[in-house]
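Chains as they are written, first to last, in the working numbering: chain L, 158 to 512; chain Z, 48 to 652. Single-structure report; data block below.
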């Protein structure tokens with residue numbers, strides 16, 4: 158019934174619009190009904206020319222306001238060694254595109270303003286200029302060649318993991334809608350696993366008869382030692398997920414049926430990051446917002462929000478189902494000693510599954 | 048013989064084929080009517096697509112807040128007015144599908160290819176009017192099925208417009224992957240058939256039916272763009288069809304093209320050996336050319352409209368054609384930049400970074416040439432011109448961030464965040480929409496027998512839209528750089544994102560205002576269709592052939608012999624040899640069917 162009423166309202170609205178149009182049409186004077194009245198006049202050219210000039214300033218203004226108001230919400234400094242390389246390349250690319258953008262947008266709007274039409278003006282018949290076109294083909298070629306080379310070096314450095322670095326191997330296991338991590342233990346080798354072996358407490362389908370699996374440790378909170386290269390092996394149990402660790406500038410899809418990988422070296426501990434100026438500012442602002450929201454919640458009889466403390470995050474960044482928006486795991490970066498102490502307390506597969 | 052018979056048929060039009068309501072308005076084989084059918088269907092789908100985006104924006108700005116409108120429109124998926132997470136994903140999916148395929152592919156390229164190809168090359172109609180009609184009706188059928196899928200019990204397809212399996216293959220993974228997904232796939236299969244029929248027709252028409260003197264090098268850039276777009280469509284759409292067919296097999300017949308080692312809903316599936324990455328390759332082999340299928344027609348129309356309204360030749364015609372061809376070629380070898388972190392070999396990532404950044408070169412050439420076309424012009428600020436300038440603006444601002452995303456190393460951290468959403472909405476969504484609007488304002492008189500859109504409403508429409516869309520998409524880059532993933536129903540599950548709430552409110556308010564401005568356009572469109580003022584035969588004083596055709600729509604376009612072409616399409620403000628006046632005194636344009644004059648040099652082709 159509601160649907161019918163909505164349709165009815167829409168139809169009636171349409172009829173109203175048409176009828177109003179009819180009335181407007183009748184109220185026009187004959188001059189207004191002239192042949193050329195819908196073609197831009199010199200007055201229109203003038204007004205819109207000026208607006209074009211204002212347009213470029215409004216565009217700049219929106220950008221500047223965005224930076225001024227929201228520059229502080231951006232991610233803090235990279236917490237991994239390769240992250241610095243990405244941030245540098247990012248900065249260079251950003252400076253470049255801002256430079257190009259500012260100039261081209263200015264020219265576009267300024268020309269639109271400067272050459273706004275007038276009955277007395279004559280346009281220049283200027284159809285071709287090989288030299289000009291050559292210049293602005295070659296300049297992008299050179300600039301992009303530089304960017305491409307820089308980008309490819311950065312990319313190869315990140316993606317090629319050599320065995321010499323002796324990375325610590327950790328499995329990230331994704332399923333609807335949570336994460337698990339499996340540490341490879343003393344032997345630094347993960348035991349074989351397959352979804353066909355999933356049974357009861359063996360949530361990850363680890364082959365419990367595999368000798369390499371005995372010292373594996375399965376947890377739901379990721380602890381990483383500072384300064385050690387970690388090689389993540391990713392698996393998914395059901396659909397595509399993506400392991401996104403924004404603070405480490407790290408991301409890789411988790412694909413059912415195959416093992417994907419990504420490696421990085423954490424370079425800032427959680428404790429250090431919490432003391433970072435930028436992060437402290439962000440946490441302060443978030444807590445102000447949370448306190449304000451809590452007042453409303455309490456007024457409604459709900460519980461207040463807990464105060465926020467900074468932690469690194471692992472998020473799912475590939476649409477994976479209804480609870481995609483809440484698929485997260487806490488990451489803690491700590492010193493080697495703290496890490497050793499923590500891992501020693503965790504139960505290995507041998508003790509938890511092969512009792 | 049045939050030419051004679053054709054002319055004869057045109058002469059006593061009324062006697063030979065009596066037109067009924069059905070043959071004129073429904074099963075019409077006339078390209079002008081088919082183009083209007085495409086446009087109106089496209090606009091209708093556009094209203095639905097944009098309305099969906101507003102619902103999503105409201106949810107993101109005020110999460111879990113009850114809205115009466117949610118309950119009204121979403122029914123059982125918004126009990127008490129609070130949106131359900133699964134319907135949010137359905138909105139994401141259908142919004143993307145509708146906007147990309149139904150509005151910007153069919154509604155833009157379908158409309159203007161149909162309208163302009165025969166009229167601008169001097170042909171009586173498409174090569175096959177019948178196939179053209181079938182193409183539209185298949186499009187209509189696919190739109191209908193897509194809309195029907197919204198009313199399926201378990202909800203419409205909800206796996207994102209990219210429908211990556213296994214999510215899209217398994218109803219256990221998400222309810223929308225049941226009957227909703229089946230309908231999505233059927234609808235898209237029909238859509239692809241429609242698109243192929245249309246594209247083949249466009250290619251054949253451009254190659255075979257150009258009028259006397261219309262060499263390829265004299266084609267307006269619009270036709271070049273439509274022609275090349277059609278070719279990319281023919282090359283890439285069949286690949287999507289194969290992907291869709293394999294997905295249908297996996298879903299319904301137990302094959303394992305894309306599925307392997309899956310444990311879901313408490314049981315192991317039998318599938319073994321397939322790979323979702325294969326699907327990603329197949330999907331993006333269409334998916335990336337698709338964005339150029341969307342943007343190239345807009346580029347062609349913008350080139351044409353900028354030249355006409357600047358009263359200047361388009362700058363660097365040959366470079367413009369070359370860059371269209373370069374973009375078209377490159378567009379088919381860059382698909383992997385959507386998959387840098389899909390798990391494919393990192394070396395492939397390097398290759399795709401290289402090819403992707405190469406696209407910036409022809410794109411830069413085009414942008415510089417457009418800007419130079421304005422330089423020292425005599426700009427006529429018609430609404431179509433404003434939207435064309437707006438197009439160049441958003442193409443630059445959106446395109447530049449492509450340099451970041453196309454760089455595999457930088458893509459790692461912004462992949463699938465709102466940074467990407469902002470990038471592609473500006474560079475292909477908003478730009479292509481501006482191209483669509485520019486085309487509608489410019490060629491409305493050609494579609495509706497001389498009636499023109501109201502210019503003042505056009506100005507209002509443009510200025511609100513252009514500021515509003517920057518208001519939506521500039522801030523969106525920032526929440527992307529803050530690390531916020533896209534396709535999240537709400538961000539409240541992460542206290543870390545609490546400080547992004549006010550950005551989201553700002554974006555939503557701009558989005559609502561911008562969507563509101565489109566009502567002005569709709570009003571203008573519907574009203575002018577019936578009551579718009581009749582303008583002159585060639586209102587924009589343009590050189591191209593469509594303005595020499597009859598204002599009244601007749602079958603065959605020209606009531607008499609076809610015009611003959613003697614020059615390129617951009618003789619605007621061409622001075623006489625003494626540079627005292629224009630070639631034709633007092634007239635700053637020379638239509639293509641005017642023979643070369645004495646002392647006139649044919650300069651640029």
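No residue lacks a Cβ here, since even glycine has one placed at the ideal position from N, Cα and C.
In the DSSP assignment, find the alpha helix (DSSP H) that holds residue i and state where it starts and stops.
i: residue 142 of chain Z; result: 132-144
i: residue 392 of chain L; result: Counting along the chain, residue 392 of chain L falls outside any alpha helix (DSSP H), though it belongs to the beta strand (DSSP E) covering 387-393.
i: residue 506 of chain L; result: 506-509
i: residue 299 of chain L; result: 287-316
i: residue 233 of chain Z; result: 226-255
i: residue 486 of chain L; result: No alpha helix (DSSP H) holds residue 486 of chain L; the beta strand (DSSP E) holding it covers 485-491.
i: residue 601 of chain Z; result: First-last for residue 601 of chain Z: undefined, no H or E at that position.
i: residue 328 of chain L; result: Here residue 328 of chain L belongs to no alpha helix (DSSP H); instead the beta strand (DSSP E) covers 325-332.
i: residue 456 of chain L; result: 434-456
i: residue 469 of chain L; result: Where residue 469 of chain L is concerned, there is no enclosing alpha helix (DSSP H), although the beta strand (DSSP E) it sits in stretches over 469-473.
i: residue 468 of chain Z; result: 465-471
What do you get for residue i, buried or exposed, if any count of 16 or more other CB atoms within 10 angstroms of its CB means buried?
i: residue 445 of chain L; result: exposed
i: residue 490 of chain L; result: buried
i: residue 158 of chain L; result: Because residue 158 of chain L sits at a pLDDT of 49, beneath the cut-off of 50, its placement in the model cannot be relied upon, and the following sentence gives the value as read from the coordinates. The residue in question, residue 158 of chain L, is exposed, as its Cβ has fewer than 16 Cβ neighbours within 10 Å.
i: residue 197 of chain L; result: buried
i: residue 633 of chain Z; result: exposed
i: residue 375 of chain L; result: buried
i: residue 641 of chain Z; result: buried
i: residue 243 of chain L; result: buried
i: residue 458 of chain L; result: exposed
i: residue 432 of chain Z; result: buried
i: residue 529 of chain Z; result: buried
i: residue 636 of chain Z; result: buried
i: residue 207 of chain L; result: exposed
i: residue 187 of chain L; result: Low local confidence applies: a pLDDT of 48 at residue 187 of chain L is under 50, so the model's placement there is unreliable, with the coordinate-based value given in what follows. By the neighbour-count rule (16 or more Cβ atoms within 10 Å), residue 187 of chain L is not buried but exposed.
i: residue 168 of chain L; result: exposed
i: residue 365 of chain L; result: buried
Over the uninterrupted beta strand (DSSP E) stretch that includes residue i, give me the two end residues.
i: residue 382 of chain L; result: 379-382
i: residue 335 of chain L; result: 335-340
i: residue 564 of chain Z; result: Taken as a continuous stretch (DSSP letters only), residue 564 of chain Z belongs to no beta strand (DSSP E), being part of the alpha helix (DSSP H) at 548-578.
i: residue 399 of chain L; result: 398-402
i: residue 408 of chain L; result: 407-411
i: residue 421 of chain L; result: 417-421
i: residue 374 of chain L; result: 374-376
Output, in chain order, the set of chain Z residues within a Cβ distance shorter than 9 Å of residue i.
i: residue 285 of chain L; result: 360, 362, 363, 364, 365, 366, 650 and 651
Show which residues of chain Z have a CB atom less than 8 Å away from the CB atom of residue i.
i: residue 513 of chain L; result: Because chain L is modelled from 158 through 512, residue 513 of chain L falls outside the range shown and cannot be assessed.
i: residue 413 of chain L; result: 213, 306, 307, 308, 309 and 323
i: residue 246 of chain L; result: 454, 456 and 457
Going by the beta-carbon positions, is the gap between residue i and residue j smaller than 8 Å?
i: residue 201 of chain Z; j: residue 215 of chain Z; result: no
i: residue 614 of chain Z; j: residue 645 of chain Z; result: no
i: residue 164 of chain Z; j: residue 258 of chain Z; result: no
i: residue 524 of chain Z; j: residue 448 of chain Z; result: yes
i: residue 357 of chain Z; j: residue 265 of chain L; result: no
i: residue 551 of chain Z; j: residue 108 of chain Z; result: yes
i: residue 322 of chain Z; j: residue 414 of chain L; result: yes
i: residue 460 of chain Z; j: residue 571 of chain Z; result: no
i: residue 92 of chain Z; j: residue 154 of chain Z; result: yes
i: residue 653 of chain Z; j: residue 537 of chain Z; result: Here chain Z comprises residues numbered 48 to 652, so residue 653 of chain Z is not present and cannot be evaluated.
Taking Cβ-Cβ distances shorter than 8 Å, what residues in chain L pair up with residue i?
i: residue 620 of chain Z; result: 279, 280, 281 and 282
i: residue 654 of chain Z; result: Given that chain Z is displayed from residue 48 to residue 652, the structure contains no residue 654 of chain Z and the question cannot be resolved.
Contact defined as beta carbons within less than 8 Å: I believe residue i pairs with residue j. What is the distance between those atoms, to the nearest angstrom?
i: residue 202 of chain L; j: residue 277 of chain L; result: Contact doesn't hold; Cβ gap of about 12 Å is too wide.
i: residue 110 of chain L; j: residue 220 of chain Z; result: This structure cannot speak to residue 110 of chain L, because chain L is shown only from 158 to 512.
i: residue 205 of chain L; j: residue 393 of chain Z; result: That pair is no contact at about 50 Å.
Please compile the residues from chain L whose C-beta is within a distance smaller than 7 Å of the C-beta of residue i.
i: residue 522 of chain Z; result: 223 and 227
For residue i, go through chain L and note every residue whose CB falls closer than 9 Å to its CB, in chain order.
i: residue 525 of chain Z; result: 223, 224, 226, 227, 228, 230 and 231
i: residue 499 of chain Z; result: 194, 195 and 196
Give the residues of chain Z in contact with residue i, contact being defined as C-beta atoms less than 7 Å apart.
i: residue 151 of chain L; result: For residue 151 of chain L there is no data in the structure shown, the boundaries of chain L being 158 and 512.
Quiz item: What residues from the stretch 203-217 of chain L come within 9 Å of chain B, judged by C-beta to C-beta, listed N to C?
Solution: Looking at the structure shown, chain B is missing, and the protein chains on hand are L and Z.
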